[in-house]
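Visitor: Provided herewith is a single structure, encoded as structure tokens, for subsequent inquiry.
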Amino acid sequence: MPSVILTNTVASITELKTNPMATFNAAGGEAIAILNRNEPAFYCVPPHIYEYLIELADDAELAKLVEERQHEKSYKVDLADLLK
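See below:
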């Protein structure tokens with residue numbers, strides 16, 4: 505069954521086990537697809553990409569909350585009262 509590989513760099517699980525940091529560094533700071541029997545098993549991502557993905561998930565959750573609350577009644581509030 506054909507698989508879509510969503511990265512420019514791929515490595516086998518064997519390569520990853522043999523030298524994890526060399527495999528990771530070969531991706532040049534981007535995600536790397538780890539293959540098992542020539543099929544993507546998982547993606548290895550550097551911290552900056554993982555942080556970005558977590559932020560996207562948080563933003564999506566907040567957007568959903570905003571959408572749910574946008575039709576609720578609003579109240580005028582004096583900012584000075586909130587800062588007391």
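For the sequence shown, our numbering assigns the number 505 to the initial residue and increments by one for each residue that follows. Where a beta carbon is used, it is the ideal one built from N, C-alpha and C, also for glycine.
Could you check if Leu583 is buried or exposed, using at least 16 other CB atoms within 10 Å of its CB as the buried criterion?
Guide: Answer is exposed; the Cβ neighbour count stays below 16.
Visitor: Can you name the residues that DSSP bridges to Thr495?
Guide: A question about residue 495 goes unanswered here, because the residues of the chain that appear run from 505 up to 588.
Visitor: My guess is that Ala545 and Thr527 are in contact by the Cβ rule of under 8 Å, so how many angstroms apart are they, rounded?
Guide: Rounded, the Cβ-Cβ distance is 13 Å, inconsistent with contact.
Visitor: Just to confirm my understanding: we take Asn540, look at its own chain, exclude 5 residues before and 5 after, and list those with CB closer than 8 Å. What are they?
Guide: Same-chain partners within the cutoff: Ser516 and Ile517.
Visitor: Using the rule of at least 16 other Cβ atoms within 10 Å of the residue's Cβ for burial, across every protein chain shown, is Ala564 buried or exposed?
Guide: It is exposed - the Cβ of Ala564 has fewer than 16 other Cβ atoms within 10 Å.
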